[in-house]
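Trainee: Could you have a look at this structure, given as structure tokens, before my questions?
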Amino acid sequence: MKTTLILCLVAFVVGDDKYDSSHDNIDLSEVLGNERLLVSYTNCLLDKGPCTPEVKQLKDKLPEALETRCAKCTDKQKTAGKQLVKEVKQKHPDLWKQLVSKYDPSGKYHKSFEDFLKN
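Just so we're aligned: the sequence shown equals residues -15 to -1, 1 to 104 in mature numbering (1 follows the signal peptide of the UniProt record, and there is no 0).
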């Protein structure tokens, strides 16, 4: 959510230690500045539309990333995830609410996620 897309478009796993960093250079401004693209990616994360392979990988790893506070994320993925979340929360609160409803319906990760965003 908490990341991204969208969170996060930043968490892709290959190994056991860290998420795959091959997509760390995604242009976040392109995603955040393109309403159609942002909605499309969000729809994938919400099971409301098709997924690109990259967003599908994110979607598959998002629950683990939330549970572990992104423990396997690279520094670049953490930074990008924080940027995405802050932007979506601020500029697209309706999308954010839908993501939270799907990935943290009970509020289980709320406090730890807010702490993660502060660091």
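C-beta atoms are modelled at their ideal positions from N, C-alpha and C, and glycine is treated no differently. Here the structure is a predicted model, which means the values were calculated and not measured.
Please classify residue 5: does DSSP put it in a helix, a strand, or coil?
Mentor: If you number the sequence shown from 1, residue 5 lands on position 20. Residue 5 falls in the strand class under three-state DSSP.
Trainee: For the alpha helix (DSSP H) that residue 170 lies in, which residues bound it at each end?
Mentor: One cannot answer for residue 170 here, as it falls past the ends of the chain, which runs -15 to 104.
Trainee: Short of 8 Å in beta carbon distance, which residues of its chain neighbour residue 71, apart from the five on each side in sequence? Order them along the chain.
Mentor: Start at 1 with the first residue of the sequence shown, and residue 71 comes out as number 86. Hits under 8 Å: 102.
Trainee: How many angstroms separate the CA atom of residue 31 from the CA atom of residue 57?
Mentor: Along the sequence shown, read from residue 1 onward, the residue named residue 31 stands at position 46. Along the sequence shown, read from residue 1 onward, the residue named residue 57 stands at position 72. Rounded to whole angstroms, residue 31 to residue 57 spans 23 Å at the Cα level.
Trainee: Which residue from 67, 97, 50 puts its Cα closest to that of residue 5?
Mentor: Against the sequence shown, residue 5 aligns to sequence position 20. The shortest C-alpha separation from residue 5 is found at 50.
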